[in-house]
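Below is one structure, written out as structure tokens, with a few remarks after it.
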Amino acid sequence: MSQEQLNENLEKLSPLLAEFSQQPIRHFINSQWVASSTGETFSNNSPIDDSYIGEVAAGTAEDIDTACNAAAEAFDDWAAMPGKQRRELLHAIADAIVTNAEAIALVESWDTGQPLRFMSKAAIRGAENYRFFADMAPNARDGLSLPAQKHINYSLRQPIGPVGIITPWNTPFMLSTWKIAPALAAGCTVVHKPAEWSPCTAALLVKIMHEAGLPAGVVNTVHGVGEIAGKALTEHKAIKAIAFVGESQTGSEIMKQGADTLKRVHFELGGKNPVIVFDDADLDRALDAVVFMIYSLNGERCTSSSRLLIQKSIAEEFVEKVKTRVAALNVGHPLNPSTEVGPLIHEKHREKVASYFDIAKDDGATIAIGGNKSDVDGKGCYVEPTLFTNASNSMRIAQEEIFGPVLTAIEFEDEAEAIEIANGVRYGLAGYIWTGDSGRCIRLGRDLDVGMIWVNSENNRHLPSPFGGMKASGIGRDGGDYSFDFYMETKNVCIATNDHAIPQLAKS
Ligand code: NAD
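Start counting the sequence shown at 0; every next residue gets the next number (numbering that gives the first Met the number 0).
Structural data, given as structure tokens:
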């Protein structure tokens with residue numbers, strides 16, 4: 000049955016891929032599809048079987064300049080458009096995403112290796128991002144009224160200007176919408192630089208936005224490598240802010256690159272997130288969540304719970320159950336709807352993930368299961384879903400973001416030690432707590448140095464809530480009004496009642 004569904008999906012995908020192979024993916028600037036200024040392209044292949052998808056325009060500093068100028072030209076009209084009208088346009092984009100959701104999911108799976116079962120949801124989540132911020136557009140400028148004795152202060156917001164959005168290759172469609180939708184709702188125009196390993200759905204997204212009626216220049220997409228196109232975007236003087244999702248090291252580079260033009264930055268970076276399981280937890284639910292939060296999305300997820308901190312009293316039994324579940328994971332072709340784990344994004348990334356198998360052994364940890372590269376029908380950038388045990392927090396497998404289906408289990412004695420281990424990394428994105436003790440939930444909510452904490456739950460999305468990390472995991476928050484704080488300037492106006500005493504100088 001699932002083989003039949005795989006064949007059906009491959010058939011549906013075939014005409015979609017034809018479009019990508021017939022001509023290069025070009026930039027989209029000022030409502031025109033354009034080649035790179037040098038005419039250069041790079042090749043894009045699928046991590047499923049290394050098959051050739053097509054060429055992609057290799058963006059230059061000149062392409063970025065053209066795109067930024069288009070965004071600057073379009074800014075005044077877009078910012079002045081009534082919020083209600085922007086709202087309607089963003090809903091039209093959401094409608095079109097829903098109409099195209101299957102095509103987006105199929106192409107994303109093929110381009111990234113992500114299982115279709117997750118990508119179909121990611122496309123719909125992309126539409127939800129537009130709807131949520133569409134409804135906030137009419138009130139985006141609202142501020143506060145702050146009366147004093149002889150003055151009244153009121154604040155108002157205005158869009159900051161054209162912004163640059165730089166996105167990574169993990170769930171690239173959904174993440175792009177998470178950034179572009181609030182920027183547009185706020186009244187900003189956009190230059191988007193998608194990741195070079197996953198360009199396809201960025202092209203579909205900008206096409207959808209254009210066909211939904213977005214005016215020329217409001218969103219421009221320039222493909223290319225980070226060190227050239229991305230760098231030029233972060234340095235461009237017309238761009239007022241950079242929203243970046245990617246590695247911590249890249250965030251650091253971007254901060255330096257943007258220094259001369261005083262860029263405002265928003266960073267969503269790496270993570271090494273703990274899931275802490277106490278012996279008083281509902282262990283069946285905890286087991287489901289632990290397995291889901293590291294082995295779904297191929298472990299290529301910033302909020303994945305890549306460190307299992309497990310209380311000693313239950314460690315042996317719980318870890319054994321994790322191991323049994325890992326052994327049963329369905330690794331396969333991502334377009335097969337029953338597949339739970341697909342290939343990693345790229346051969347280079349597979350090499351990085353696989354290098355931790357030796358690092359784990361060298362550091363004295365045990366590979367309880369997995370620990371090898373693998374394939375499906377002799378092809379693909381696969382690694383076996385892996386579980387490391389007998390690990391300590393000082394080991395590299397406990398400290399570094401591996402970004403694959405690889406879990407490191409570490410034992411702890413009591414709550415104090417759990418907190419110490421959880422906080423003992425450079426990252427601070429998310430933390431997951433499993434316990435039946437409500438007071439402990441409150442204590443850990445206070446004491447964990449992470450931006451987001453889920454208690455007795457896997458990662459659960461709520462669009463108005465703040466999303467982002469502490470320490471090396473990021474700067475700033477997305478979600479609800481937090482997104483507008485980034486994409487907008489807050490102004491204060493102070494008006495006198497005209498009856499206060501003004502200090503008088505040089506008056507006889
Ligand atoms: P990456 O940092 O290598 O690349 C991200 C983007 O930055 C790409 O578009 C790339 O071309 C561009 N880039 C690279 N160098 C640049 C430079 N010098 N100037 C400007 N742009 C540049 O990240 P990746 O490997 O594509 O993505 C995986 C990383 O993203 C992981 O660390 C993951 O944790 C992180 N991530 C974080 C979140 C979050 O919300 N915190 C969400 C998703 C992914």
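We treat Cβ as the ideally placed atom computed from N, Cα and C, and that holds for glycine.
Closer than 7 Å: is that where the CB of Gln256 sits relative to any heavy atom of the ligand NAD?
Position 257 of the sequence shown, counted from the first residue, corresponds to residue 256. Gln256: yes, Cβ under 7 Å from the ligand NAD.
Sorted by chain position, which residues of the same chain lie with C-beta nearer than 8 Å to Lys372's C-beta, five sequence neighbours on each side aside? In the sequence shown, the residue the question calls residue 372 occupies position 373. Correct list, in chain order: Arg349, Ala353, Tyr381, Val382, Glu383.
query = So, helix, strand or coil for His90, using DSSP?
reply = Locating residue 90 in the sequence shown gives position 91, counting from the first residue. His90: helix per DSSP, three-state reduction.
I'd like the list of long-range same chain contacts for Thr509, defined as Cβ closer than 6 Å, with 5 residues on each side in sequence excluded. As shown, the chain starts at 0 and ends at 507. That puts residue 509 outside it, with no answer to give.
Just list the residues that DSSP pairs Cys493 with in beta bridges. The count along the sequence shown starts at 1 and reaches residue 493 at position 494. The partner list for Cys493 (beta bridge, DSSP) reads Asn152.
### Query
DSSP three-state call for Ala60: helix, strand or coil?
Sequence index remark: in the sequence shown, residue 60 carries index 61 (1-based). Here Ala60 sits in helix by DSSP.
Quick one, are the C-beta atoms of Phe131 and Leu386 less than 8 Å apart?
In the sequence shown, counting from the first residue as 1, residue 131 sits at position 132. In the sequence shown, counting from the first residue as 1, residue 386 sits at position 387. No.
**Asked** So is the beta-carbon of Leu386 under 7 Å away from any non-hydrogen atom of the ligand NAD?
**Response** Taking the first residue of the sequence shown as position 1, residue 386 is located at position 387. Answer for Leu386: no, Cβ out of range of the ligand NAD.
Notebook entry, point to check: Helix, strand or coil for Asp484 per DSSP?
Noted result: The sequence position of residue 484 within the sequence shown is 485, counting from 1. Helix, per DSSP.
message: Contact defined as beta carbons within less than 8 Å: I believe Gly112 pairs with His222. What is the distance between those atoms, to the nearest angstrom?
response: By 1-based counting over the sequence shown, the position of residue 112 is 113. By 1-based counting over the sequence shown, the position of residue 222 is 223. Contact doesn't hold; Cβ gap of about 19 Å is too wide.
query = Can you list, in chain order, the stretches of the alpha helix (DSSP H) that have 4 or more residues and sit fully within the segment 170-241?
reply = 171-185, 199-210, 230-234
**Request:** Name the two residues that bound the continuous beta strand (DSSP E) containing Asp283.
**Result:** Counted from its first residue, the sequence shown places residue 283 at position 284. Note, Asp283: premise wrong, no beta strand (DSSP E); alpha helix (DSSP H) at 282-294.
task = Only counting runs of 4 or more residues, tell me where the alpha helix (DSSP H) segments fall wholly within the segment 298-335, in order along the chain.
result = 311-326
Count the other CB atoms within 10 Å of the CB of Tyr51; is the residue buried (16 or more) or exposed (fewer)? Taking the first residue of the sequence shown as position 1, residue 51 is located at position 52. Flag for Tyr51 reads exposed.
| task | Name the one or two DSSP bridge partners that Tyr355 has. | result | Position 356 of the sequence shown, counting from 1, holds the residue named residue 355. According to DSSP, which records beta bridges pairwise, Tyr355 is partnered with nothing at all.
Hey, how far is the Cα of Asp278 from the Cα of Phe317?
What you label residue 278 is simply residue 279 of the sequence shown in a count that begins at 1. What you label residue 317 is simply residue 318 of the sequence shown in a count that begins at 1. The alpha-carbon atoms of Asp278 and Phe317 are separated by roughly 10 Å.
Any non-hydrogen atom of the ligand NAD closer than 7 Å to Phe402 Cβ: Position 403 of the sequence shown, counted from the first residue, corresponds to residue 402. Answer for Phe402: yes, Cβ within range of the ligand NAD.
- Query: Just to confirm, does Ala201 get its C-beta within under 7 Å of one of the non-hydrogen atoms of the ligand NAD?
  - Reply: As a first step, residue 201 must be located in the sequence shown, where it is residue number 202. The answer is no for Ala201.
My understanding is that Ala34 touches Ala56, with C-beta atoms under 8 Å, so please give their C-beta distance in whole angstroms. Taking the first residue of the sequence shown as position 1, residue 34 is located at position 35. Taking the first residue of the sequence shown as position 1, residue 56 is located at position 57. With 8 Å as the limit, Ala34 and Ala56 qualify as a contact, their Cβ atoms being about 6 Å apart.
Just grab the DSSP bridge partners of Arg263 for me. In the sequence shown, the residue the question calls residue 263 occupies position 264. Beta-bridge pairing links Arg263 to Ala240.
By how many angstroms is the C-alpha of Arg445 removed from the C-alpha of Glu101? Mapped onto the sequence shown, residue 101 falls at position 102. Mapped onto the sequence shown, residue 445 falls at position 446. If I take the Cα positions, the gap works out to 42 Å.
Inset, instruction - Return yes when the Cβ of Tyr294 is within less than 8 Å of the Cβ of Val518, no when it is not. - result: One cannot answer for residue 518 here, as it falls past the ends of the chain, which runs 0 to 507.
Exercise for the section: Assign Asn43 to one of two classes, buried (16 or more other C-beta atoms within 10 Å of its C-beta) or exposed (fewer than that). Expected result: Translated into positions along the sequence shown, residue 43 becomes position 44. It counts as buried.
message: Taking only three categories from DSSP, how would you classify Phe277?
response: Locating residue 277 in the sequence shown gives position 278, where the first residue counts as 1. Note: Phe277 maps to coil in three-state DSSP.
>> If you measure between the beta carbons of Lys351 and Ser305, is that distance less than 8 Å?
In response: In the sequence shown, residue 351 corresponds to position 352, counting from 1. In the sequence shown, residue 305 corresponds to position 306, counting from 1. No. Outside cutoff.
**Asked** What's the C-alpha gap between Ile452 and Asn459?
**Response** Against the sequence shown, residue 452 aligns to sequence position 453. Against the sequence shown, residue 459 aligns to sequence position 460. Each residue's Cα considered, the two are about 10 Å apart.
| query | Where do the ends of the beta strand (DSSP E) carrying Ala100 lie? | reply | Looking up residue 100 in the sequence shown gives position 101. It is not in any beta strand (DSSP E) - Ala100 instead sits in the alpha helix (DSSP H) that spans 100-111.
Sheet register partners of Gln157 (DSSP bridge) | Locating residue 157 in the sequence shown gives position 158, where the first residue counts as 1. Glu488.
- prompt: Is it true that the CB of Leu9 sits closer than 8 Å to the CB of Val106?
  reply: In the sequence shown, counting from the first residue as 1, residue 106 sits at position 107. In the sequence shown, counting from the first residue as 1, residue 9 sits at position 10. Their beta carbons are not under 8 Å apart, which means Val106 does not touch Leu9 by this criterion.
- Message: Judging by CA-CA distance, which residue of Ser108, Ala95, Ser30 is the nearest neighbour of Val340?
- Response: Along the sequence shown, read from residue 1 onward, the residue named residue 340 stands at position 341. The residue with the shortest Cα to Cα distance from Val340 is Ser108.
Check your understanding: Excluding the five sequence neighbours on either side, which residues of its own chain have a C-beta within less than 6 Å of the C-beta of Arg509, listed in chain order?
Key -> The structure shown has nothing for residue 509, since the chain only spans 0 to 507.
Is the CB-CB distance between Ile28 and Asn219 below 8 Å?
For the purposes of this step, residue 28 is identified with residue 29 of the sequence shown, where counting begins at 1. For the purposes of this step, residue 219 is identified with residue 220 of the sequence shown, where counting begins at 1. Cβ atoms of Ile28 and Asn219: closer than 8 Å.
Assuming Ala139 contacts Ala184 (C-beta within less than 8 Å), just tell me the rounded distance between them. Indexing the sequence shown from 1 puts residue 139 at position 140. Indexing the sequence shown from 1 puts residue 184 at position 185. Confirmed, about 6 Å.
Under 8 Å between C-beta atoms of Pro23 and His345 | Working through the sequence shown from its first residue, we reach residue 23 at position 24. Working through the sequence shown from its first residue, we reach residue 345 at position 346. It is not a contact, given that the beta carbons lie outside the stated cut-off.
| message | I'd like to check one pair, Val217 with Ala73: are the Cβ atoms closer than 8 Å? | response | Within the sequence shown, residue 73 is the residue found at index 74, counting from 1. Within the sequence shown, residue 217 is the residue found at index 218, counting from 1. It is a contact, given that the beta carbons lie within the stated cut-off.
Can you look up His345 in the DSSP assignment and give me helix, strand or coil?
Here residue 345 corresponds to residue number 346 of the sequence shown, with the count starting at 1. It is coil, neither helix nor strand.
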